[in-house]
RNA sequence: GGUACCCUGGCCGAGUGGCUAGGCAACGGUCUGCAAAACCGUCUACAGCAGUUCGAAUCUGCUGGGUACCU
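Written out as structure tokens, the structure reads:
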């Protein structure tokens, strides 16, 4: 049986280093599970693997998207499953690492097969939401898919809108697509979670933001500024610098906000990962124990 | 030294006698299609003291701190 090694943890915990070590020892390749490192133009702010690191181990799904590309967890699942098929021809084990919780789950547990919403339906409902607000749309959902209406978070526009998009586009209820069944995978999965004491993690995050700024994050942000309204740029590290470039914030303040939002993000990641009972948790300094768990000689 | 104004929770900020503003942060949580997204919950403060009043963050006095102007 082939095996997928899933290395997860909050941003800044030190996943990259360990993933490289493991992949080198196994002489295998790495699949990134980071929704923002996939954009070619967001290298510094997403702490994407460096050229040297990419030279050490072959990576997949890093820098493979344009900012204007539509992408989603479902597409990621599809793309990764195809790629894994190829990789498992050559390797017994493959490493998947990243902090995008839903992307990881999409690969490990699967995601329902729901049609991708076309651009017209999407913008039609978005416009209605912007002009009418959420209430009328909730009322509509109650009629079109009463079952989902009962369980959705009615204040979360993203969820309500998506359900309506599916109803409109397919003529069926969103519920009918929502089986929420875990998919069986033709390979084993071993999850390794990295965590640190909060103080320690926060200090690393703060420091890393300073390094990013020294590395030219502001320049990178300036280059993509014309695309700032795209979802791909609703990203920590960029959205704050846009406020600076717009003259709303002082640079120092924007940098503090980047640190703060990164810390908040790391906490959300931990909240998500916490309830996954299948994760084997380690401190990054316990790398030999991780290798032992994988079954690698030290 | 004098005059005026100000002092609200970690921060910002509304509130002129009874009805726990709100926002941000912090902390906890939700999560199956833009997820580094979106959303939810918790956090009862009015500088201190004394008084007026049935009742004071809101009125009065004193003390402390701050700001502005005057001599």
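Numbering (the numbering used here), first residue to last: 61 to 358.
For every residue, glycine included, the Cβ atom is placed at its ideal position computed from N, Cα and C.
Your pair residue 314 and residue 337 does not check out as a contact, with CB atoms roughly 39 Å apart and the cut at 8 Å.
Between the alpha carbons of residue 356 and residue 252 lies a gap of roughly 14 Å.
Around the CB of residue 200, 16 or more other CB atoms lie within 10 Å, so the residue is classed as buried. Looking at the backbone, the Cα of residue 327 and that of residue 68 are separated by about 13 Å. 8 Å or more divides the Cβ of residue 172 from the Cβ of residue 256.
Around the beta carbon of residue 109, a 10 Å sphere encloses 16 or more other beta carbons of the protein chains shown; the residue is thus reported as buried. Residue 154 and residue 202 have their alpha carbons spaced roughly 44 Å apart. Boundaries of the alpha helix (DSSP H) harbouring residue 321: 311–334, taken from the DSSP string. By the Cβ-count criterion, residue 283 is exposed, with fewer than 16 other Cβ atoms from all chains shown falling within 10 Å of its own Cβ. For residue 303, DSSP records no beta bridge to any residue. Within the stretch 215–250, no beta strand (DSSP E) run of at least 3 residues lies entirely inside it. Note that the stretch 121–128 touches the stretch 98–113; at least 3 beta-carbon pairs, one per stretch, sit closer than 8 Å.
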